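Colleague: Taken in sequence, the protein lines are chains A and B.
Numbering-wise (the working numbering), the first sequence opens with residue 1 and increments by one.
Numbering-wise (the working numbering), the second sequence opens with residue 233 and increments by one.
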Amino acid sequence: AAKSAWCPACGVAALTPGTQRDALLALAKQSILAKLRLPARPNIPHPPSRGALLTALRRMRAQRSDAAAFPGMLRDGPAPARSPAVGLQEYEILSFAESESSTSHSVHLHFRFSQEVAGNTEILRATLYLFWASPSPGAQPITVRLLQPDPAGPNMTVTSETRLEVQRSGWTTLDVGPAVRSLFGQEIPRLTVELEVPEDWGSPLPSHHSDSHWPFVVTQARARTPHRVHRR
Amino acid sequence: GVDCGGDSPMCCRQEFFVDFKEIGWEDWIIQPEGYHMNYCSGLCPLHMAGIPGLAASFHTAVLNRIKAASAAAAVDSCCVPTQRRPLSLLYYDRDSNIVKTDIPDMIVDSCGCT
Numbered sequence: 001a002a003k004s005a006w007c008p009a010c011g012v013a014a015l016t017p018g019t020q021r022d023a024l025l026a027l028a029k030q031s032i033l034a035k036l037r038l039p040a041r042p043n044i045p046h047p048p049s050r051g052a053l054l055t056a057l058r059r060m061r062a063q064r065s066d067a068a069a070f071p072g073m074l075r076d077g078p079a080p081a082r083s084p085a086v087g088l089q090e091y092e093i094l095s096f097a098e099s100e101s102s103t104s105h106s107v108h109l110h111f112r113f114s115q116e117v118a119g120n121t122e123i124l125r126a127t128l129y130l131f132w133a134s135p136s137p138g139a140q141p142i143t144v145r146l147l148q149p150d151p152a153g154p155n156m157t158v159t160s161e162t163r164l165e166v167q168r169s170g171w172t173t174l175d176v177g178p179a180v181r182s183l184f185g186q187e188i189p190r191l192t193v194e195l196e197v198p199e200d201w202g203s204p205l206p207s208h209h210s211d212s213h214w215p216f217v218v219t220q221a222r223a224r225t226p227h228r229v230h231r232r
Numbered sequence: 233g234v235d236c237g238g239d240s241p242m243c244c245r246q247e248f249f250v251d252f253k254e255i256g257w258e259d260w261i262i263q264p265e266g267y268h269m270n271y272c273s274g275l276c277p278l279h280m281a282g283i284p285g286l287a288a289s290f291h292t293a294v295l296n297r298i299k300a301a302s303a304a305a306a307v308d309s310c311c312v313p314t315q316r317r318p319l320s321l322l323y324y325d326r327d328s329n330i331v332k333t334d335i336p337d338m339i340v341d342s343c344g345c346t
């Protein structure tokens, strides 16, 4: 009601347009951060490269259409909620690996998850995407181990080990739902994966972090249903 | 619903667009470029109660008679959203993960009187 001296609905003096706009912008910031359960806007230490992001989003979309075409293909956890329960917010989280080389033919990958999402959601599905640039023909034995901190000491314990036979270059996926689900209860939710390739293969990772074939994990989660008290 | 635009003080939907670049959020929100934080404002006198919520029907006729008969004790109703839709966001969290989510009921598409 900028044209009249007062707000027709609430009967108080109308704000000046500038003050009203500032108030609305502040309300928009507050509302979005509250709905995302963020205390403040995040600062991005090192965003992934555009190439890696686009490749990962493309893989996610391809995976989703595969899942729709072959519903039995991905085996993990409760059935995905195609039609989310009324009002329950869903998340898809794309985490890129931070690498830590251990030997010439094995590497540790770390995937971190933010506490805001980890603390308030339940995992529906989590998939690890790995790209293999196989240097030589024939089946190459690859070992993928999921590790978690050993509560008794500084070492890591193996929670699961998978042996793959890579025939040619390309992407493979691995179901890491249970491992990520067990993480989401921890204070610092971090998934550690060890990749081990044959000696003559060299490093199991692309040469650079910004490579569009960098490993990533896609996690689908849903906000926990708030605790409701039913009065009978 | 009615979009605000003319001089009428009646209940309508006021469009308001928040440009993420303007508030310095374009670095951590990848998509979309802004948020339509539309809101409802304006008068809902008694004869507008339930408009445009109720369809033209016998109930409307009876309701209008009751309202007309009780005009002396007129109480306004409220101008509220009648249709809303989610805000889809693709953003970086503080661990540089990319998160996609749909926040329900964040965009007001139309307003009406209770």
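Positions of the beta carbon are idealized from the N, C-alpha and C atoms, including for glycine.
Computed from a prediction, not measured in an experiment: that's the story for all the values here.
To be precise: take each residue of the stretch 321 to 345 of chain B, compare its Cβ to all Cβ atoms of chain A, and keep it if any distance is under 8 angstroms. Which residues remain?
Modeller: Listed in sequence order: Leu321, Tyr323, Tyr324, Asp325, Arg326, Asp327, Ser328, Asn329, Ile330, Val331, Lys332, Thr333, Asp334, Ile335, Pro336, Asp337 and Met338.
Colleague: If you reduce the DSSP assignment to three classes, tell me which class Leu278(B) lands in.
Modeller: Position 46 of the second sequence, counted from the first residue, corresponds to residue 278(B). Correct three-state label for Leu278(B): helix.
Colleague: Please name the residues in the stretch 110 to 121 of chain A whose beta-carbon is closer than 8 angstroms to at least one beta-carbon of chain B, in chain order.
Modeller: From the stretch 110 to 121 of chain A, only Arg112, Phe113, Ser114, Glu116 and Val117 have a Cβ closer than 8 angstroms to chain B.
Colleague: State the beta-bridge partners of His108(A) as determined by DSSP.
Modeller: What you label residue 108(A) is simply residue 108 of the first sequence in a count that begins at 1. Answer by DSSP bridge pairing, in chain order: Glu100(A) and Glu194(A).
Colleague: Taking the Cβ atom as the reference point for each residue, do Arg326(B) and Pro141(A) lie within a distance shorter than 8 angstroms?
Modeller: Within the second sequence, numbered from 1, the residue matching residue 326(B) stands at position 94. Within the first sequence, numbered from 1, the residue matching residue 141(A) stands at position 141. No, the pair does not count as a contact, with Cβ atoms beyond the cut-off.
Colleague: If you drop the 5 nearest sequence neighbours on each side, which residues of the same chain put their C-beta closer than 6 angstroms to that of Pro215(A)?
Modeller: On the first sequence, residue 215(A) is found 215 positions in, with the first residue counted as 1. Correct list, in chain order: Ala97, Leu109 and Leu130.
Colleague: Return yes when the Cβ of Gln115(A) is within less than 8 angstroms of the Cβ of Thr333(B), no when it is not.
Modeller: The count along the second sequence starts at 1 and reaches residue 333(B) at position 101. The count along the first sequence starts at 1 and reaches residue 115(A) at position 115. The answer is no: Cβ separation not under 8 angstroms.
Colleague: For Ser169(A), count the other beta carbons within 10 Å of its own beta carbon; 16 or more makes it buried, fewer makes it exposed. Which is it?
Modeller: Residue 169(A) sits at position 169 when you count from the first residue of the first sequence. Exposed, by the Cβ-count rule.
Colleague: Might you give, ordered along the chain, the residues of its own chain that have their beta carbon closer than 7 angstroms to the beta carbon of Glu122(A), omitting 5 neighbours on each side?
Modeller: Counted from its first residue, the first sequence places residue 122(A) at position 122. Answer for Glu122(A): Ala221, Arg222 and Arg224, listed in chain order.
Colleague: Taking the alpha helix (DSSP H) that Ala179(A) falls in, what are its first and last residues?
Modeller: The residue given as residue 179(A) occupies position 179 in the first sequence. It spans Gly177 to Leu183 - the alpha helix (DSSP H) in which Ala179(A) sits, taken as one unbroken run.
Colleague: Assuming Thr19(A) is part of the alpha helix (DSSP H), what are its boundary residues?
Modeller: Against the first sequence, residue 19(A) aligns to sequence position 19. Run containing Thr19(A): Pro17 to Lys35, per the alpha helix (DSSP H) assignment.
Colleague: Just checking, does the stretch 147 to 157 of chain A make contact with the stretch 184 to 199 of chain A on the three C-beta pairs under 8 angstroms criterion?
Modeller: Yes: at least three Cβ pairs fall under 8 angstroms.
Colleague: Report yes if the C-beta of Arg181(A) is less than 7 angstroms from at least one heavy atom of the ligand GTP; otherwise report no.
Modeller: Only the bare structure without any ligand can be found here, which leaves the ligand GTP out of the picture.
Colleague: According to DSSP, what are the bridge partners of Arg125(A)?
Modeller: As a working note, residue 125(A) is residue 125 in the first sequence. The partner list for Arg125(A) (beta bridge, DSSP) reads Gln220(A).
Colleague: Between the stretch 153 to 162 of chain A and the stretch 235 to 247 of chain B, are three or more C-beta pairs nearer than 8 angstroms?
Modeller: Result no; under three Cβ-Cβ pairs closer than 8 angstroms.
Colleague: How is Met242(B) classed by DSSP in three states: helix, strand or coil?
Modeller: Numbered from its first residue, the second sequence carries residue 242(B) at position 10. It is a strand residue.
Colleague: So Val117(A) is in the alpha helix (DSSP H); what residue range does that whole segment cover?
Modeller: Working through the first sequence from its first residue, we reach residue 117(A) at position 117. Run containing Val117(A): Gln115 to Ala118, per the alpha helix (DSSP H) assignment.
Colleague: Buried or exposed: where does Ala85(A) fall if 16 or more other Cβ atoms within 10 Å of its Cβ makes it buried?
Modeller: Translated into the one-based positions of the first sequence, residue 85(A) becomes position 85. Because the pLDDT at Ala85(A) is just 49, under 50, the model does not fix this residue reliably, and the point stays unresolved.
Colleague: At the level of alpha carbons, what is the spacing between Ser31(A) and Leu54(A)?
Modeller: Against the first sequence, residue 31(A) aligns to sequence position 31. Against the first sequence, residue 54(A) aligns to sequence position 54. Answer to the nearest angstrom: the Cα atoms are 29 angstroms apart.
Colleague: With a threshold of 7 angstroms on Cβ separation, who are the neighbours of Gln263(B) within its own chain once the five nearest residues in sequence on each side are excluded?
Modeller: Taking the first residue of the second sequence as position 1, residue 263(B) is located at position 31. Result list for Gln263(B): Leu322, in chain order.
Colleague: Give me the Cα-Cα distance between Thr233(A) and Leu174(A), rounded to the nearest whole angstrom.
Modeller: Absent from the structure is residue 233(A), since the part of chain A shown begins at 1 and ends at 232.
Colleague: List the residues of chain B that Glu187(A) touches, going by C-beta distances under 8 angstroms, in chain order.
Modeller: Translated into positions along the first sequence, residue 187(A) becomes position 187. Residues of chain B passing the Cβ test: none, with the nearest at roughly 14 angstroms.
Colleague: Provide the residue span of the beta strand (DSSP E) that contains Ile339(B), from first to last.
Modeller: Residue numbering aside, residue 339(B) sits at position 107 when the second sequence is read from its first letter. It spans Ile330 to Cys345 - the beta strand (DSSP E) in which Ile339(B) sits, taken as one unbroken run.
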